[in-house]
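Only one structure is covered here, and it is reproduced in the block below.
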Amino acid sequence: MGRRRRNHSDDDDDALEREWLKKRQKSTAKEDGNRDDDGRSKDETSNQTDKGAAHHNSETAASPAPATKKDDTNSDADKIERLRLKKQLKKQRQKEKKAEAAKQADEARQKKEKEKLQLQKMKKEQATKKNEKKKFSDTKQTNEFKSLRKGVKYLDLKVGNGPVVQHRKKIRVEYTLRAKNHTTGKIIDASKNFGFRLGKVEVIEGYDIGLEGMRVGGIRRLIVPKQAGYHNDDIGAGRGADLYFEIELLYVAP
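Converting from the sequence shown to the numbering used here requires adding 6 to each position, the first position being numbered 1.
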């Protein structure tokens, strides 16, 4: 009792107001669902996203793609390989340089040794020539036969150191008799142990004359002309030819 009673028109108005509020709330909720956190609608956000993606794709196509980790690794490996090859080449050059220096040193040493050998050879040749010259001089003097009686000539190849031969003493000799010369002439007669008495005319006169003054151990060559030999008789060297004896005195009786 005491309350004011509402009429029918007021109830209708309230219903209309509630219905309008519900529609308003639904519309507001739908708009809120179509907007992002920045207050833009989803359509605007989608359009801007599409534009950004297109711009990004354009920049990507215009600019090169950034190097990947694999490309960096390959680049580092190439650098390391280049450094390794450079170091290897440097070592090879140093090795070749050392080898060349060693070769030059060896060539210098060989050249020095060769010059030394040539100098020694030259000195040896000079000494040999000097000795040969002296030997030739001595041989020239030695090869000069000395003359004795009746045209007999002698040459001592070796002077003995034993007893001297004496007249009428028995001696023993080894001899070779040749024609024309003492070395290559035809051998006419020879003996390893021939004995006779010197000066007793047991042999040709040239033997007795040619052995005078000879010592045991000595070797002597004789050239005996026909007047001290077999005269005009031919014993194998020809009539009246010179006889070439080589005699070694083996023994002289005391």
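C-beta atoms are modelled at their ideal positions from N, C-alpha and C, and glycine is treated no differently.
- DSSP places Ile177 in the uninterrupted beta strand (DSSP E) bounded by Lys176 to Ala185.
- Under the three-pair Cβ rule at 8 angstroms, the stretch 113-133 does not count as touching the stretch 190-208.
- Secondary structure at Leu217: coil, using DSSP grouped into helix, strand and coil.
- Per DSSP, reduced to three states, the secondary structure at Lys96 is helical.
- Contact check between the stretch 242-260 and the stretch 171-180: three or more CB pairs, one atom from each, fall below 8 angstroms, which counts as touching.
- Around the beta carbon of Gly244, a 10 Å sphere encloses fewer than 16 other beta carbons of the protein chains shown; the residue is thus reported as exposed.
- Distance check between Val171 and each of Gly216, Val230 and Glu208 places Gly216 closest, using alpha-carbon atoms only.
- Out of Leu228, Tyr250, Asn137 and Ile210, the CA that lies nearest to the CA of Ala234 is found in Ile210.
- Rounded to whole angstroms, the gap between the alpha carbons of Phe200 and Met128 is 50 angstroms.
- If you ignore the 5 residues before and after Asp214, its C-beta comes within less than 7 angstroms of the C-beta of Leu204 and Gly205, all in its own chain and listed in chain order.
- In the three-state DSSP reduction, Arg115 falls in the helix class (H, G or I).
- Linking Gln98 to Lys120 through their CA atoms gives a straight-line distance of about 32 angstroms.
- Under the three-state reduction of DSSP output, Asp82 falls in the helix class.
- Non-local C-beta neighbours of His237 in its own chain, meaning closer than 8 angstroms and more than five positions away in sequence, comprise Gly246, ordered along the chain.
- Contact between Gly166 and Gly223 holds: their C-beta atoms lie close to 3 angstroms from each other, under 8 angstroms.
- Distances from the alpha-carbon of Asp162 to those of Ile86, Ala185 and Phe151 put Phe151 closest.
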